[in-house]
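So the protein sequences, as listed, match chains F and G. One point on numbering: in my numbering, the residue at position 174 of the first sequence is 545, and numbering is uninterrupted. One point on numbering: in my numbering, the residue at position 152 of the second sequence is 523, and numbering is uninterrupted.
2 protein chains.
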Amino acid sequence: MLRTLKLTLAYDGTDYVGWQRQPNGPSVQAQLEQALERIEGRAVKVTGAGRTDAGVHALGQVASVTLDHDLDVTTLARALNATLPDDIRVIEVVDAAADFDARSNAHGKLYRYCVVTGPRVSPFERRHVWHVPQALECATMRKGAALLCGEHDFAAFQAVGGSVKTSVRRIDRIDIDARPPPASPAVGCGVTVEVEGNGFLRHMVRIIVGTLIEIGAGRRAVDDVARAIESGRRADAGPTAPARGLFLVQVRY
Amino acid sequence: MLRTLKLTLAYDGTDYVGWQRQPNGPSVQAQLEQALERIEGRAVKVTGAGRTDAGVHALGQVASVTLDHDLDVTTLARALNATLPDDIRVIEVVDAAADFDARSNAHGKLYRYCVVTGPRVSPFERRHVWHVPQALECATMRKGAALLCGEHDFAAFQAVGGSVKTSVRRIDRIDIDARPPPASPAVGCGVTVEVEGNGFLRHMVRIIVGTLIEIGAGRRAVDDVARAIESGRRADAGPTAPARGLFLVQVRY
């Protein structure tokens, strides 16, 4: 009997071309589909809630898939994890409504971006943070973040060449927190940026973070954010922060 | 003017054959010596406090070196970190007494071993933990650990083929702690074992951890520890835990 499943996934995106299948290298989607095909015995297609870019990580990516298989969900999760590479893990499998679609049913997403500041002291974090040598002023970053919250046209905060119908999105909150003081001198200080919203344009979180980091480092004025929103010109926003510090934390339904 | 320096290092040991120079691959020692040679302009030799094995990590390895160079220590640390690969970091450089030797002057060392239990849920920790599927009983592990503390002949807890004069060592403490409950379902539960002592035989910490894990999983009796100490036979202790969960945290002088 056909059933629709909701899969929650965590992955280290470092060694992948991104979520989506692409001709130029291994994708998370292709790995997951291969693991499912071994169980299902035929080609399957999964839909991901968010098309994370090359090098972007996930703590709670969501995918939907239709299977003709009556394995219980716990056994299915275990079987998938036995087949998947160590850097992709299935956190949870649950039965979903027949018409559940991970992408079109998503109401919102939560992303987290991890920045480490000061000298690059940790040899363990390099795959999962952006290293910024300057100290960052969280208070001014928060002022810039406040201007981004709400519904706006984020045309200036998307990768050039995007082809979406509208670039209007709503950001529900942006939290900027200094990391707790590290317990070891081999762990750096840093800042974490969490962004929650109803949807995100291509590179939107990374451009938001790149802009806020410039504000926090004193290289850009808080008001630049308002100007970029108004002009809609990519050049008026900051640089795109690197993929490796970004995590898709949660998808809301 | 010749000066002796004390360097504190952190490294991710995953991609190295260990601390010590070896013909079969890159070592941390060789990387550090190469970085120092660029600054010094001639061959240099560093001495490490502990010869960490292939795949073992460090948060606070200590090395000594004699240089003929008057760079201040902060600039020297920065210059080394600019040359060293990202997975080896110099945490601190200080001037030391002319006769300081990182190896022979060490009074003791602190190691930490990280175990993750249950399903393998995190794609981010795989290079730095040992994954054990069974739940572990910390209370019984602590009873086994108590039998190891103090001065004993640890002949049963060293790699076969060791060539040290004596296998008597003193363990000052072994702390076994359940990890705080993870904030994300993509982070596993686990147990951390910290072992502090005046010196360690080859693989000693890893065999201690392998033995305690068997006790915690209920596959070995607490009293087996006393029997292994008494017999001195490697076969009476548990298996050698894998290198990737082990960190040299601190060297005491």
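C-beta: ideal position from N, C-alpha, C; glycine also.
For residue i, collect the residues of the same chain with a Cβ closer than 8 Å to its Cβ; drop the 5 residues on either side in sequence, then sort them by chain order.
i	result
G521 (chain G)	R541 and I542
R598 (chain F)	D607
V539 (chain G)	E522, H523, D524 and F525
T445 (chain F)	V464
Q432 (chain F)	T379, L380, A381, Y382, W390, V399, G419, A420, G421, T423, L619 and V622
M575 (chain G)	F525, F528, Q529 and R540
Please report the residue range of the beta strand (DSSP E) in which residue i lies.
i	result
L380 (chain F)	L373 to Y382
V583 (chain F)	Note on identity: in this sequence residue 583 (chain F) is Leu, with Val being the wrong assignment. Counting along the chain, L583 (chain F) falls outside any beta strand (DSSP E), though it belongs to the alpha helix (DSSP H) covering M575 to G587.
H431 (chain G)	Residue identity differs from the one stated: residue 431 (chain G) is Gly in this sequence, not His. Unbroken beta strand (DSSP E) run through G431 (chain G): H428 to D439.
L451 (chain G)	Unbroken run through L451 (chain G) is the alpha helix (DSSP H), V444 to T454; no beta strand (DSSP E).
T563 (chain F)	C560 to G568
T488 (chain F)	G479 to T488
V461 (chain F)	I459 to A467
V531 (chain G)	Segment: none, V531 (chain G) is in no beta strand (DSSP E) and carries neither H nor E.
R590 (chain G)	Neither: R590 (chain G) is in no beta strand (DSSP E) and is coded neither H nor E.
R491 (chain G)	No beta strand (DSSP E) contains R491 (chain G), which DSSP labels as neither H nor E.
L619 (chain F)	L617 to R623
W501 (chain F)	W501 to V503
In whole angstroms, what separates the C-alpha of residue i from that of residue j?
i	j	result
F571 (chain G)	L583 (chain F)	48 Å
S602 (chain F)	H428 (chain G)	50 Å
V465 (chain G)	A434 (chain G)	11 Å
D470 (chain F)	R374 (chain F)	10 Å
R513 (chain F)	L507 (chain G)	43 Å
V626 (chain F)	P613 (chain G)	Residue 626 (chain F) cannot be examined here, being either before or after the span of chain F that is shown, 372 to 624.
K416 (chain F)	Q405 (chain F)	10 Å
R604 (chain F)	V566 (chain F)	21 Å
A606 (chain G)	K536 (chain G)	21 Å
H502 (chain F)	R577 (chain F)	14 Å
D442 (chain G)	A450 (chain G)	As written in the sequence, residue 442 (chain G) is Leu, which differs from the Asp given in the question. Spanning the two alpha carbons is a distance of roughly 10 Å.
L438 (chain G)	S398 (chain G)	21 Å
A516 (chain G)	G384 (chain G)	26 Å
Q402 (chain G)	P504 (chain F)	23 Å
S534 (chain F)	P551 (chain F)	40 Å
G559 (chain F)	M372 (chain F)	52 Å
R392 (chain G)	G421 (chain G)	13 Å
T611 (chain F)	A527 (chain F)	11 Å
V622 (chain F)	V500 (chain F)	21 Å
L376 (chain G)	A448 (chain G)	11 Å
A554 (chain G)	L481 (chain F)	15 Å
H478 (chain G)	I545 (chain G)	17 Å
E556 (chain G)	L455 (chain F)	Checking the sequence, you will find Pro at residue 556 (chain G) rather than Glu. In a straight line, the C-alpha of P556 (chain G) is about 18 Å away from that of L455 (chain F).
A588 (chain F)	Q529 (chain F)	22 Å
Can you tell me where the alpha helix (DSSP H) holding residue i begins and where it ends?
i	result
G515 (chain F)	C509 to L519
A608 (chain F)	Segment: none, A608 (chain F) is in no alpha helix (DSSP H) and carries neither H nor E.
E496 (chain F)	Per DSSP, E496 (chain F) belongs to no alpha helix (DSSP H) and is neither H nor E.
A401 (chain G)	V399 to E411
D595 (chain G)	D595 to S602
So that I know if they touch, is there some Cβ in chain F lying closer than 7 Å to that of residue i?
i	result
R460 (chain G)	yes
D457 (chain G)	yes
V492 (chain G)	yes
L430 (chain G)	yes
P556 (chain G)	yes
Quick one: is residue i near chain G, going by C-beta distance under 7 Å?
i	result
S495 (chain F)	Here the sequence assigns Phe to residue 495 (chain F), which means Ser is not the residue at that position. Yes, F495 (chain F) lies at the interface with chain G (some Cβ there is under 7 Å from its Cβ).
A467 (chain F)	no
D383 (chain F)	yes
S398 (chain F)	no
I572 (chain F)	The sequence given here places Leu at residue 572 (chain F); Ile does not occur at that position. No, no contact with chain G.
L407 (chain F)	no
Sorted by chain position, which residues of the same chain lie with C-beta nearer than 6 Å to residue i's C-beta, five sequence neighbours on each side aside?
i	result
R591 (chain G)	E585
G396 (chain F)	V388
G561 (chain F)	V486, V487, T488 and R550
F618 (chain F)	H428, L430 and R483
W390 (chain F)	V399, Q400, G419, R422 and T423
V564 (chain F)	Y484, I547 and V580
Since residue i meets chain B, which of its residues come closer than 9 Å, beta carbon to beta carbon?
i	result
N452 (chain F)	This model lacks chain B altogether; the protein chains it does include are F and G.
Between which residues of its own chain and residue i is the CB-CB distance below 7 Å, once the five residues before and five after are set aside?
i	result
T418 (chain G)	A434, S435, D472, A473 and R474
V596 (chain F)	G515, L518, L519 and T582
N414 (chain G)	According to the sequence displayed, residue 414 (chain G) carries Ala and not Asn. E408.
N476 (chain F)	Y624
T511 (chain F)	I586, G587 and V593
H440 (chain F)	I410 and E411
G426 (chain G)	G384, T385, A614 and R615
Is any heavy atom in the ligand NAD found nearer than 6 Å to the beta carbon of residue i?
i	result
D470 (chain F)	Although the ligand NAD was asked about, the structure shown includes no ligands whatsoever.
With three or more C-beta pairs closer than 8 Å as the rule, is the segment 456-463 of chain G touching the segment 477-495 of chain F?
Cβ pair count under 8 Å is three or more, so yes.
Say whether the segment 406-414 of chain G touches the segment 380-394 of chain G, bearing in mind that this needs 3 or more beta-carbon pairs closer than 8 Å, one atom from each stretch.
They do not touch, by the three-pair rule.
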